[in-house]
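Heads up: the structure comes next, in structure tokens.
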Amino acid sequence: MLHYYLKEMEDKELFISHNISLTKGGVLFDGQIIYRNNGFQDFAIFSKELYKKIECNYPKFYKMDNLCKLSFLAGELLVKRSKLSNIAPEKIALFFANSGSTIETDTKFIESLNSIPSPAIFVYTLPNITIGELCIRHGWKGENMFLVQSHFNPQDLIDHAKYVIHEEIAHACILGWVEFFAPDNYQSCLWHISKSFSKGDRLLSETELMVDYNMAL
Amino acid sequence: MAYLTGDNIITSLGFDTNEVLHKIESGITGITETQSFKHLTKAPVSLVDFDIVSKELSFIFPESSFTRFEGIACLSLYKALKQVDVDLESNRTLFILSTTKGNIELLEGNEKSGKNLLLHHTAQKIANLFGFVNQPIVICNACISGVLALIMAKRYIDTGKFNTIVVAGADVASDFVVAGFESFKSMSEQPCKPFDSTRDGLSLGEGAATLIITKEPYNSEIRITAGSSANDANHISGPSRTGEGLFIATANTIKDLKDIDFISAHGTATPYNDDMESIALQRLGLDHVPVNSFKGYFGHTLGAAGVIETILTAHSMLSGTIYKTLGYDSPGVAAPINIVNTNIKKTLFRSLKMASGFGGCNASLLLERNGR
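First to last, the protein sequences are chains A and B. My numbering runs 19 ahead of the 1-based position in the first sequence. My numbering runs 9 ahead of the 1-based position in the second sequence.
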């Protein structure tokens, strides 16, 4: 019976509606260049420039650590171009991963211990805060999960997306890979996963997610 | 079906589940005063005796060296795996590690950017030691990590992808974490008092726990039958005033809200968390159900908490005992709920484990016992 279940889940395909990929070269939307980071400026400069271009007026952005800024910017760009707002907020699940957890902010917090430990830094030493920031911004209340992987392994995210959509716990998923190692070494890749096909959608598969992940500017 | 077939708990109260249960039954807390931390003012902490951990490990793995984190995780795994015949080399066996900060202590020393700080590296090192062939999964989702790991295990058993899932949760009390909670002023100067009118903060704890989940029941009577998570979409470091995320996660977990016999709450003893949980339970119509928090016995063990407290919930069901909420004297939460303040005997068929954490995350898990 379990094998039937597995088969049934495999038969019920999901779709990649849209993808945002933000790296030091710029931003791709569904594989098309939408912003270029001319001269490969450091993330501090590029992120501010992008924030201004997006015109979202969300001052909390300036309080976020770099990992959250990465997710936030990709989230803004994705939401503007997708139909996520048609889905009930508690039916949007967010499953994210990276390999470094919050290593950049961990180092900053350790440095702050020499003076007064900062709660404003400490809160960002948990990688799922990046999901929390997106949920607050967009009102999403569905499932959350953050995985730490040695390298991008989309199958774990796909397995979970299929389960929650098949079980009707969610109607759409946002899958993400968000990594910040250094001002010139970062990546934010978000996917909007749908349960039914719309024009232009791709079939969700490990290969497709890998293609998007590798196609950085 | 996802059966619970083997377990271990390591905390300040002992090095296996029975030892810990015995102390809980007697109402003993492991939260004590300590001078171990640079940034701690007065708050007591629940600490594991690492001399004993090291000694036991030196007999079991004489060739290996361990950090404190790896030490408690490996000792817990070893003790749980001894109880069940698990084929670690099967591609149908998966190891999931739940932790918030892993080897973060190394960052305070010389290890500024070493690979031992990376959680996936730590998980792989542990997996290699025991001989798991599949790549391990690391769940790092604040204080709901443990419950999420068990939800993931249940789903993987459901889909038939794996037959056996070994879930280990662990975190150590480090200067990093202690300083962080101190900076939030969220730690109490006494052992924490969950749901009490005078509660003024949490107590930190360290610990490890392992839960073996199998498709086959073997001799187990307890299984995970549902679980879900949700976000408050409200604040990154404070819970929702309306218990929104916990309400959604729990409503998704138990479609039939009748017949819940017992709830093991998150119950950290911070004013906001406990109020939030009471409001969520009232909204769910579960305010009459006996509820406890285990945090008064061994503190908040972060990434281990969900695994430790789910094991304790399962054993409560096996022995038909609801343990009292140590530290609780008088009601003081926003909504009236049925907080257990003395050990009581009750037949338990369906129990709920809840957890909430930074980032607005919440999770619920349903355990059921054969028989009803």
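The beta carbon of each residue, even a glycine, is placed where N, CA and C say it ideally should be.
Could you check what DSSP says for residue i in three-state terms: helix, strand or coil?
{"i": "K67(A)", "result": "helix"}
{"i": "G195(A)", "result": "strand"}
{"i": "F307(B)", "result": "helix"}
{"i": "G23(B)", "result": "strand"}
{"i": "M20(A)", "result": "Note that M20(A) scores 48 on pLDDT, short of 50, meaning its location in the model is unreliable; the coordinates nonetheless yield the value given after this. DSSP places M20(A) in coil when its eight states are reduced to three."}
{"i": "F216(A)", "result": "coil"}
{"i": "N38(A)", "result": "strand"}
{"i": "F62(A)", "result": "helix"}
{"i": "Q174(A)", "result": "helix"}
{"i": "H157(A)", "result": "helix"}
{"i": "L8(B)", "result": "A query on residue 8(B) cannot be resolved here, the shown segment of chain B reaching from 10 to 381 and no further."}
{"i": "I353(B)", "result": "strand"}
{"i": "M10(B)", "result": "coil"}
{"i": "A162(B)", "result": "helix"}
{"i": "G151(A)", "result": "helix"}
{"i": "E182(A)", "result": "Looking at the sequence itself, residue 182(A) is Tyr, so the reference to Glu does not match. DSSP places Y182(A) in helix when its eight states are reduced to three."}
So residue i contacts chain B; which residues on that side make the cut at Cβ distance below 9 Å?
{"i": "I193(A)", "result": "Those within 9 Å of I193(A) in chain B number zero; the least Cβ separation is about 12 Å."}
{"i": "V142(A)", "result": "G189, F193, I245, S246, F367 and G368"}
{"i": "G44(A)", "result": "Neighbours of G44(A) on chain B: none; closest Cβ ~24 Å, over 9 Å."}
Use the C-beta contact count for residue i: other C-beta atoms within 10 angstroms, 16 or more gives buried, fewer gives exposed.
{"i": "N379(B)", "result": "exposed"}
{"i": "M20(A)", "result": "Bear in mind that the predicted position of M20(A) carries a pLDDT of just 48, short of 50, making it unreliable; the figure below should be weighed with that in mind. That one is exposed."}
{"i": "N147(A)", "result": "buried"}
{"i": "T259(B)", "result": "buried"}
{"i": "A313(B)", "result": "buried"}
{"i": "Y81(A)", "result": "exposed"}
{"i": "E42(B)", "result": "exposed"}
{"i": "Q44(B)", "result": "exposed"}
{"i": "A201(A)", "result": "exposed"}
{"i": "T124(A)", "result": "buried"}
{"i": "M234(A)", "result": "exposed"}
{"i": "S238(B)", "result": "buried"}
{"i": "M229(A)", "result": "exposed"}
{"i": "H31(B)", "result": "exposed"}
{"i": "I320(B)", "result": "buried"}
Since residue i and residue j should fall inside the 8 Å C-beta cutoff, what is the C-beta to C-beta distance between them, to a whole number of angstroms?
{"i": "V342(B)", "j": "F204(B)", "result": "5 Å"}
{"i": "G115(A)", "j": "T144(A)", "result": "In the sequence as presented, Gly is not what sits at residue 115(A); that position holds Phe. So it is not a contact: roughly 16 Å between Cβ atoms."}
{"i": "D231(A)", "j": "N38(A)", "result": "5 Å"}
{"i": "S73(B)", "j": "L138(B)", "result": "6 Å"}
{"i": "S212(B)", "j": "V54(B)", "result": "7 Å"}
{"i": "F367(B)", "j": "C152(B)", "result": "7 Å"}
Answer yes or no: the CB of residue i versus the heavy atoms of the ligand COA, is any distance below 7 Å?
{"i": "A179(B)", "result": "As presented, the structure is devoid of all ligands, the ligand COA included, so that no description of it is given."}
Using a cut-off of 8 Å between C-beta atoms, extract the partners of residue i located in chain A.
{"i": "T109(B)", "result": "L145"}
{"i": "T223(B)", "result": "Those do not exist, as T223(B) stays about 13 Å from chain A at its closest Cβ, beyond 8 Å."}
{"i": "H48(B)", "result": "L132 and P136"}
What residue range does the beta strand (DSSP E) around residue i cover?
{"i": "K170(B)", "result": "Element bounds for K170(B): n/a, residue is neither H nor E."}
{"i": "Y279(A)", "result": "The structure shown does not extend to residue 279(A), since chain A is modelled only from 20 to 236, so the question has no answer here."}
{"i": "C370(B)", "result": "C370 to R378"}
{"i": "M164(A)", "result": "N163 to V167"}
{"i": "E359(B)", "result": "Per the sequence shown, the amino acid found at residue 359(B) is Arg instead of Glu. First-last of the beta strand (DSSP E) with R359(B): R359 to G366."}
{"i": "L220(B)", "result": "G216 to T223"}
{"i": "T322(B)", "result": "Note, T322(B): premise wrong, no beta strand (DSSP E); alpha helix (DSSP H) at A314 to S328."}
Tell me the residue span of the alpha helix (DSSP H) that contains residue i.
{"i": "Y281(B)", "result": "P280 to L293"}
{"i": "C87(A)", "result": "N85 to R100"}
{"i": "N233(A)", "result": "E225 to N233"}
{"i": "A82(B)", "result": "R77 to L90"}
{"i": "V187(B)", "result": "D184 to S192"}
{"i": "T277(B)", "result": "That residue, T277(B), is in no alpha helix (DSSP H); it is neither H nor E in DSSP."}
Run through chain B and tell me which residues come within less than 7 Å of residue i, C-beta to C-beta.
{"i": "P78(A)", "result": "Within 7 Å Cβ-Cβ: nothing; P78(A) doesn't reach chain B, min ~15 Å."}
{"i": "D231(A)", "result": "The premise fails here: D231(A) is roughly 21 Å from chain B at the closest Cβ pair, so nothing lies under 7 Å."}
{"i": "Y205(A)", "result": "The contacting residues do not exist; Y205(A) stays about 16 Å from chain B at best."}
{"i": "D18(A)", "result": "Residue 18(A) lies beyond the residue range present for chain A, which begins at 20 and ends at 236; the question has no answer from this structure."}
{"i": "E152(A)", "result": "I245"}
{"i": "Y182(A)", "result": "R164 and T168"}
{"i": "I129(A)", "result": "L116, E117 and F185"}
For residue i, go through chain B and note every residue whose CB falls closer than 8 Å to its CB, in chain order.
{"i": "M164(A)", "result": "I148, N150, L157, M161 and S238"}
{"i": "F199(A)", "result": "What F199(A) touches in chain B: nothing, since even the nearest Cβ is about 14 Å away."}
{"i": "G119(A)", "result": "L127"}
{"i": "K160(A)", "result": "A239, N240, D241, A242, E253, G254 and I257"}
{"i": "F108(A)", "result": "Phe is not the amino acid found at residue 108(A); the sequence shown has Pro there. Correct list: A242."}
{"i": "I188(A)", "result": "S237 and N261"}
{"i": "S137(A)", "result": "S192"}
{"i": "C208(A)", "result": "Here the premise fails: no neighbours, minimum Cβ distance about 18 Å."}
Please list, in chain order, the chain A residues whose beta carbon lies closer than 9 Å to that of residue i.
{"i": "R292(B)", "result": "Residues of chain A passing the Cβ test: none, with the nearest at roughly 14 Å."}
{"i": "Q133(B)", "result": "S169"}
{"i": "F78(B)", "result": "Result: empty, since nearest Cβ-Cβ is about 14 Å, beyond 9 Å."}
Strictly below 7 Å CB to CB, what residues from chain A border residue i?
{"i": "I113(B)", "result": "D125"}
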